[in-house]
Amino acid sequence: MTPAETWMREAIALAAAAAGAGEVPIGCVVVHEPTGRIVGRGANRREADHDPTAHAEILAMREAGRTLGHWRLVDCTLVVTLEPCPMCAGAIVNARVPRLVYGCADPKAGAVRTLFQLCNDERLNHRVDVVSGVLAEECAEQLKAFFRAQRALGKK
6 MTPAETWMRE AIALAAAAAG AGEVPIGCVV VHEPTGRIVG RGANRREADH DPTAHAEILA
66 MREAGRTLGH WRLVDCTLVV TLEPCPMCAG AIVNARVPRL VYGCADPKAG AVRTLFQLCN
126 DERLNHRVDV VSGVLAEECA EQLKAFFRAQ RALGKK
């Protein structure tokens with residue numbers, strides 16, 4: 006198993022916990038590359054926090070910033086189960102994250118490769134090395150299963 010797959014497994018576990026709490030199952034970890042240590046973890050908390058910005062990536066980057074004592078995450082890799090949305094892709098660029106690894110594409114809101122390419126837009130002040138498709142089928146199935154269950158309950 007590659008390091009990216011190992012980290013993605015951590016993100017998938019966080020996504021599963023989010024689903025168990027009634028949140029859309031998206032999980033994220035921020036890894037400090039020099040040490041290989043996870044310095045930030047996040048899982049969606051929009052429903053619990055009544056906060057539209059409580060996406061897994063935002064929460065993981067906040068924790069990483071606190072852990073490292075700086076908002077610039079220049080030695081980190083962000084690993085997330087779903088392609089980031091415009092808000093999260095913008096935050097990744099603003100945090101100067103050098104590397105993003107994500108599981109499955111998001112055809113409705115993906116802002117890294119699908120609908121927009123914010124992480125590599127030459128007009129912005131930072132570009133991100135992107136690796137997509139890590140454990141993509143597993144990440145996608147986790148989301149599909151959640152929404153199937155929600156529809157069966159008459160939700161979402």
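Number 20 in this note's numbering belongs to position 15 of the sequence shown; there are no gaps in the numbering.
Glycine included, each C-beta is placed from N, C-alpha and C at the ideal position.
Along the chain, where does the alpha helix (DSSP H) that runs through residue 54 open and close?
Here the question's residue 54 lines up with position 49 in the sequence shown. 51-54 is the extent of the alpha helix (DSSP H) around residue 54.
Under DSSP, the alpha helix (DSSP H) around residue 63 begins and ends at which residues?
As a first step, residue 63 must be located in the sequence shown, where it is residue number 58. Segment 61-73, the alpha helix (DSSP H) holding residue 63.
Are residue 15 and residue 49 touching if we call contact CB-CB under 8 Å?
Taking the sequence shown and counting its residues from 1, one reaches residue 15 at position 10. Taking the sequence shown and counting its residues from 1, one reaches residue 49 at position 44. No, they are not a contact pair.
Keeping to the same chain, check which residues put their C-beta closer than 8 Å to that of residue 1; ignore five residues upstream and five downstream.
Because the chain spans 6 through 161 in this model, residue 1 falls outside it and cannot be assessed.
Tell me, please, whether the stretch 99-116 touches the stretch 127-146 by the rule of three or more beta-carbon pairs shorter than 8 Å.
As far as the Cβ criterion goes, the stretch 99-116 touches the stretch 127-146, which means the pair count is three or higher.
Using three-state DSSP, classify residue 27 as helix, strand or coil.
Against the sequence shown, residue 27 aligns to sequence position 22. Coil, per DSSP.
Using the C-alpha atoms, what's the distance from residue 159 back to residue 25?
Locating residue 25 in the sequence shown gives position 20, counting from the first residue. Locating residue 159 in the sequence shown gives position 154, counting from the first residue. So the two alpha carbons sit approximately 17 Å from each other.
Going by DSSP, what residue range makes up the alpha helix (DSSP H) through residue 95?
Here the question's residue 95 lines up with position 90 in the sequence shown. Note, residue 95: alpha helix (DSSP H), 91-99.
Helix, strand or coil, according to DSSP, for residue 141 in the structure here?
Position 136 of the sequence shown, counted from the first residue, corresponds to residue 141. Three-state result, residue 141: helix.
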